[in-house]
Structure formats: structure tokens, C-alpha cells
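One structure below.
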Amino acid sequence: MTVEHGVEPAIRADARRNRALILAAAQRALAERGTAVSLAEVARRAGVGAGTVHRHFPTKAALLEAVVQHRVDRLATLAADRLTDPDQGAAFFAVCTHVIMTTPGNKDLCDLVQSDDGWPRALLRGAGNRFHRALGALLASAQRQGAVRRDVVVTDVLDIFTGCVAIQRHRRAEDPLAPAVALILDALRTHPSPVTEHPTADRNETVDGNETSAPCAVCGTPVRRPPTGRPARYCSPACRQKAHRLRNGSRPLTTDR
């Protein structure tokens, strides 16, 4: 049987379109329902027949691996594309934020990838290597521009992703980046934002964190600042009375003999 001219390329294009539809549907279904979702449900969401899904992905394991590979490849492409941005520091932190913000919805997939159940991972290793290379190149470029600390390596960034994703999972998908995550990412900068720097010692705070005014005019003890009204001049009624006696020319009481 011969294939008419132009039919075979059309069939290949149709197959590519179906594969893309299946992967997109599987990504959404897995994010919503976890790895328990059936291939039939994926087929329904993709608008294709169950046989079409099975032709592309004979087993659920094959589909799960393809979904993760597709996501990691998209992250690798994102990182590689940002290498042309004029501000490499902004590009690096934008990629970091995107990874952290979009990963919590793929929790079950991430857990499956990190498990040790023997399912195929050759595709994942290749995609992971591509992402690591692209992220490493973006990190190095941001460091050359002076935006990221020179002592940071790509494995540090990957470890930070793990911790930040765990923090972000406690927030809703529509919520912004968690403040703790923003602080962690800011620590990667060569010059962190002032909000993340430690307070200086001259803030004149007591041990319990209450703000203080000038020292007591009599004994020099720090005086707690009241929430309203004028700052107090004396630390206690005793010092206030002693100051009153001194002003009136009275000899202060003393235990000296």
C-alpha cells in the first residue's frame, strides 16, 4: 500500500498535536488529582480516544515520566532563553521565582521522581542535565554582572529550590511568593535588600525588644519609652524623688557614713 504525497507528514503533524494535547491534559489532571488519575481521564480531558493515549504512552509510568520530562525541558528552555536578557541578575531571579511558584502544584510528580521504585528515568536524567546546564550558565552570567554572590554554585540553587518549594506549598496557588522565600532568594544577592540585613547595635533596644528613650537622668539606667505621651526622664519613682530633692537643694539620702 502506498502513501499519497503529503499524507504521511500530515499524519506525523496530527500525532505531534495529539501528543501535545495529552501531555497538557495530563499535566493539569496530575496537578489537580495527583498520580491516581487514570489514563481514561487524561484521554477525556485531552479530547482524544483512550487508544490514542495508549499508542503514545503504553503505561501510566511512561506518561508520568513524559510529563515530568516535558516540564523540566520547558524550565531548561526558559533558563536558556533568559541568557539574552540585558539584566542577567533579574533574569536569574525571575527563573528561580518561576520554578518555586510553579512546582508546588506538581508535588506528587516530584515525590514520584524522588522515589526509588525502579521506573524508567533515562528521559528525566537527560532533561535534568539540560536544565542544570542552562541554570548554571544563567547563574554564572548573573555572577559576572555582580548580581549574585560569587560563592554560590548551581547545586546550592537546586537545594534552595527544594526548601523554598516546601515553604511555598503551604500557600494557595494564587498567593504571591512567600515572604520567607523572598528572604532566602535575597540572600543570594551580592547586595541584599536592606530589609534582610541584620539590625545594627545602635538601635538602643532593651533585651525584651521594647524601645528605650534616653538614660535615666539620675542613675543612667535605660528608660522604657511609653507607647504614648512624652518620653520619661527617670527610670523609677525613687529617682524622680531624688532629682526633686537635688533641685530643691536637699541632701540626698545615702547609706554612707
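Under the UniProt record's numbering, the first residue of the sequence shown is numbered 1, with each subsequent residue one higher. Don't be surprised by glycine CBs; every beta carbon is placed ideally from N, CA and C.
Could you tell me if residue i is buried or exposed, where buried requires 16 or more neighbouring beta carbons within 10 angstroms of its beta carbon?
| i | result |
| --- | --- |
| residue 153 | exposed |
| residue 89 | buried |
| residue 188 | buried |
| residue 183 | exposed |
| residue 142 | buried |
| residue 19 | buried |
| residue 238 | exposed |
| residue 134 | buried |
| residue 12 | exposed |
Under DSSP, the alpha helix (DSSP H) around residue i begins and ends at which residues?
| i | result |
| --- | --- |
| residue 42 | 39-46 |
| residue 54 | 50-56 |
| residue 64 | 60-81 |
| residue 97 | 88-102 |
Between residue i and residue j, what straight-line distance do the alpha-carbon atoms span, to the nearest angstrom?
| i | j | result |
| --- | --- | --- |
| residue 94 | residue 65 | 26 Å |
| residue 190 | residue 77 | 26 Å |
| residue 265 | residue 103 | Past the edges of the chain, shown from 1 to 257, lies residue 265, and the structure says nothing about it. |
| residue 145 | residue 130 | 23 Å |
| residue 91 | residue 32 | 29 Å |
| residue 54 | residue 61 | 12 Å |
| residue 14 | residue 70 | 19 Å |
| residue 79 | residue 23 | 21 Å |
| residue 170 | residue 29 | 20 Å |
| residue 179 | residue 75 | 23 Å |
| residue 67 | residue 41 | 15 Å |
| residue 148 | residue 181 | 16 Å |
| residue 97 | residue 151 | 20 Å |
| residue 166 | residue 26 | 23 Å |
| residue 192 | residue 233 | 38 Å |
| residue 86 | residue 16 | 35 Å |
| residue 241 | residue 172 | 59 Å |
| residue 59 | residue 50 | 12 Å |
| residue 168 | residue 155 | 20 Å |
| residue 124 | residue 48 | 26 Å |
| residue 175 | residue 236 | 49 Å |
| residue 159 | residue 126 | 19 Å |
I'd like to check one pair, residue j with residue i: are the Cβ atoms closer than 8 Å?
| i | j | result |
| --- | --- | --- |
| residue 52 | residue 43 | yes |
| residue 72 | residue 128 | yes |
| residue 99 | residue 57 | no |
| residue 21 | residue 46 | yes |
| residue 258 | residue 83 | No answer is possible for residue 258: it lies beyond the span of the chain, which begins at 1 and ends at 257. |
| residue 157 | residue 177 | no |
Between residue i and chain D, is any beta-carbon pair separated by less than 8 Å?
| i | result |
| --- | --- |
| residue 160 | Annotation note: the requested chain D is absent from the structure, which comprises a single protein chain. |
Could I get the ranges of all uninterrupted alpha helix (DSSP H) runs contained in the stretch 120-190, with 4 residues as the minimum, in chain order? 122-144, 154-168, 179-186
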